[in-house]
Amino acid sequence: MHVCVPERLTVSGDRRFPRTVRLTRAAEYRGVFQGGRRINLHPFTAVCRPTQEDSARLGLAISKRNLRRASQRQRIKRLVRESFRHRRSQLPPVDVVIMCRRGAEEYTNQDLYQILERLWNRVVRQCKNSSSC
Numbered sequence: 001m002h003v004c005v006p007e008r009l010t011v012s013g014d015r016r017f018p019r020t021v022r023l024t025r026a027a028e029y030r031g032v033f034q035g036g037r038r039i040n041l042h043p044f045t046a047v048c049r050p051t052q053e054d055s056a057r058l059g060l061a062i063s064k065r066n067l068r069r070a071s072q073r074q075r076i077k078r079l080v081r082e083s084f085r086h087r088r089s090q091l092p093p094v095d096v097v098i099m100c101r102r103g104a105e106e107y108t109n110q111d112l113y114q115i116l117e118r119l120w121n122r123v124v125r126q127c128k129n130s131s132s133c
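So for the sequence shown, the UniProt record's numbering puts the first residue at 1; every next one is plus one.
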C-alpha cells in the first residue's frame, strides 16, 4: 500500500525534534535554572544557559498551577515545540527552558506563535556570544 503525503506535511531533517535537542534529565533542568539568564516576554519566560552541545536544546516547564487544564498545557507545549523546531538552526548553542505564566490560554495560537518568534529573537540577541548568556 502506497500512501501519498503532501510535501508540506513531511518533516525535513533539520525540523525534527529528536531526543538530542531536548533537555531530558532533572540535572539538566537544574543546571539551566541555577546558572541561566531569564528572558521575559508575557506570557512566556525563557531561561537560557550556554551549552557545549552543537545546537540549542529545549526544555518545557509548563505548570499545572498556571494552566489548570491539561488541554491548555498541551496546546502551549505543542506551539513551543513547533516554534523551536522552526528556529532551532538560528539559535546559538544554549539550553533553553520555557515556562508559561497565567493567562496564556487567553491568546490565540497565532498570537502565541508571534510572541514566541519575538522571544527567540531576544534569545539570539542576548546569547549571541555564548559566554554572555
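All C-beta atoms in this analysis are idealised placements derived from N, C-alpha and C, irrespective of residue type, glycine included.
Give me whichever residues DSSP pairs with residue i in a beta bridge.
i: residue 24; result: BP columns for residue 24 are empty, so no partner.
i: residue 40; result: 45
i: residue 57; result: 95
i: residue 50; result: 94
For residue i, which of the options has the nearest alpha-carbon?
i: residue 78; options: 118, 100 and 126; result: 100
i: residue 123; options: 106, 91 and 114; result: 91
i: residue 89; options: 61, 23 and 120; result: 120
i: residue 222; options: 126, 133, 83 and 48; result: Residue 222 cannot be examined here, being either before or after the span of the chain that is shown, 1 to 133.
i: residue 105; options: 27, 29, 64 and 31; result: 64
i: residue 112; options: 75, 127, 128 and 87; result: 75
i: residue 52; options: 20, 71 and 62; result: 20
Just to confirm, is the Cβ distance from residue i to residue j under 8 angstroms?
i: residue 102; j: residue 66; result: yes
i: residue 44; j: residue 116; result: yes
i: residue 17; j: residue 73; result: no
i: residue 47; j: residue 60; result: no
i: residue 49; j: residue 133; result: yes
i: residue 134; j: residue 125; result: The requested residue 134 is not part of the displayed model; the chain covers only 1 to 133.
From which residue to which residue does the alpha helix (DSSP H) around residue i run?
i: residue 84; result: 70 to 87
i: residue 115; result: 109 to 126
Does the pairing of the stretch 82 to 96 with the stretch 45 to 59 give three or more beta-carbon distances under 8 angstroms? Yes, they touch.
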